[in-house]
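A.B. asks: To start, I am sharing the structure in question, which I have written as structure tokens.
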Amino acid sequence: MKRYVIGDIHGGYQAFKALLDEVNFDYGVDLLICLGDIVDGWSEVKECLELMLTIKNLVYIRGNHEQLFLDYCDGKIAPSESDSTFVLWNKHGGKSTIKSLGTKTAVDEKYIVFIKGSLPYYELNEKGVKRLFVHAGVPEGCCTDGLKSSRKLEDVNPVDFLWTRDTAWDAYNNAESPNYSFGDKYESIYIGHTPTQKLNVFYSTPQYWGNIWLMDTGACFKGQLSIMDI
């Protein structure tokens, strides 16, 4: 079994499928960890979800765009120009998701169930090597081992996993420090959410500082989609 992590796909089915083909992904054997934000952006959200449903060993982590979509389907976001969240969501890709999957009353229930099954984070522990996968970021207090640990992952407000950019900026701001590490618990922490170009317009590939990997390389806009064999 090979194990892969992929950045924010944002409805980019053609890039998604091309990457899996390029790495000769085995849909019945290999593991794929999706860091969230499969929806919103490009036009083929439905095709992306259908492809994900064919992967036997899939870890699907929830992104902020999945949460916005679920809030829309649950009626927490009103489909009206008077709802500022709806307007903002549409501006940032929601319109493409609605066009691909249909309005909330028309969305196939299997997609809603599938997205609701997404995880807030995922830990991988193999032979004593611990890795953490989360959409946006994680409080540093959760990443310290032993008695120094100040927080548990299960006690964190899920909103932090969906929206924070603190982890990405902490790594970027400490890029020149040779001893930098975001806590000592995880050998690697993989995050999406913050496009690498948001930190530096010339960052077109995944960036690595200390134990932090940034996997969102701007596929929602005009950047690339990135996958990594971990």
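Start counting at 1 in the sequence shown, then tack on 427, and there's your number in the numbering used here.
Virtual Cβ for every residue (Gly too), placed ideally from N, Cα, C.
Note that this is a predicted model, so its numbers are computed, not measured.
Nearest-angstrom Cα distance between GLY438 and SER527?
C.D. replies: Taking the sequence shown and counting its residues from 1, the one referred to as residue 438 is at position 11. Taking the sequence shown and counting its residues from 1, the one referred to as residue 527 is at position 100. Distance between the alpha carbons of GLY438 and SER527 is about 9 Å.
A.B. asks: From this set, GLY619, ASN584, ALA445, LEU462, which residue's C-alpha is nearest ILE542's C-alpha?
C.D. replies: Position 115 of the sequence shown holds residue 542. For ILE542, the nearest C-alpha among the options comes from LEU462.
A.B. asks: Sort out for me which residues DSSP pairs VAL432 with in a bridge.
C.D. replies: Counting from 1 along the sequence shown, the entry for residue 432 is found at position 5. VAL432 is bridged to ILE460, MET655.
A.B. asks: Contact between the stretch 582–593 and the stretch 642–649 is defined here as three or more beta-carbon pairs at a separation below 8 Å; is this criterion met?
C.D. replies: no
A.B. asks: If we ignore side chains and look at the alpha-carbon of each, how far apart do GLY490 and VAL466 end up?
C.D. replies: Here residue 490 refers to the residue found at position 63 of the sequence shown. Here residue 466 refers to the residue found at position 39 of the sequence shown. Going from the Cα of GLY490 to the Cα of VAL466 covers about 9 Å.
A.B. asks: Given this structure, state the Cα-to-Cα distance separating ILE639 from LEU458, to the nearest angstrom.
C.D. replies: In the sequence shown, counting from the first residue as 1, residue 639 sits at position 212. In the sequence shown, counting from the first residue as 1, residue 458 sits at position 31. If you take the alpha carbons of ILE639 and LEU458, they lie about 20 Å apart.
A.B. asks: Leaving aside the five residues before and after ILE504 along the sequence, list all residues of the same chain whose C-beta is less than 8 Å from its C-beta, in chain order.
C.D. replies: The residue you call residue 504 lines up with position 77 of the sequence shown. Around ILE504: LEU495, ASP498, ASP510, THR512, PHE513, TRP516.
A.B. asks: Ignoring anything shorter than 4 residues or poking outside the stretch 456–516, list the alpha helix (DSSP H) runs there in chain order.
C.D. replies: 472–479, 491–500, 511–516
A.B. asks: Within a Cβ cutoff of 8 Å, which residues of the same chain sit near THR530, ignoring the five residues on either side of it in sequence?
C.D. replies: Residue 530 sits at position 103 when you count from the first residue of the sequence shown. Result list for THR530: PRO506, in chain order.
A.B. asks: Determine which residues share a DSSP beta bridge with PHE629 and list them.
C.D. replies: As a first step, residue 629 is located in the sequence shown; it is residue number 202 there, counting from the start. DSSP lists no partner for PHE629.
A.B. asks: Measure the beta-carbon distance from ILE539 to CYS500 and round it to whole angstroms, keeping in mind my assumption that it falls under 8 Å.
C.D. replies: Here residue 539 refers to the residue found at position 112 of the sequence shown. Here residue 500 refers to the residue found at position 73 of the sequence shown. At roughly 6 Å, the Cβ-Cβ gap stays under 8 Å, so ILE539 and CYS500 are in contact.
A.B. asks: Pick from ILE657, GLN634, GLU477, PRO622: whose alpha carbon is nearest that of ASP435?
C.D. replies: In the sequence shown, counting from the first residue as 1, residue 435 sits at position 8. Checking every option, the nearest Cα to that of ASP435 belongs to PRO622.
A.B. asks: Alpha carbon to alpha carbon, how far is ASN451 from ARG430?
C.D. replies: Position 24 of the sequence shown, counting from 1, holds the residue named residue 451. Position 3 of the sequence shown, counting from 1, holds the residue named residue 430. Approximately 12 Å, taken between the alpha carbons.
A.B. asks: DSSP state of TYR390, grouped into three classes?
C.D. replies: As displayed, the chain neither begins before 428 nor continues past 657, which places residue 390 out of reach and without an answer.
A.B. asks: Comparing C-alpha positions only, which one of PHE588, LYS625, THR571 sits nearest to TYR599?
C.D. replies: To locate residue 599, count along the sequence shown from 1; it is residue 172. Of PHE588, LYS625, THR571, the residue nearest in Cα terms is LYS625.
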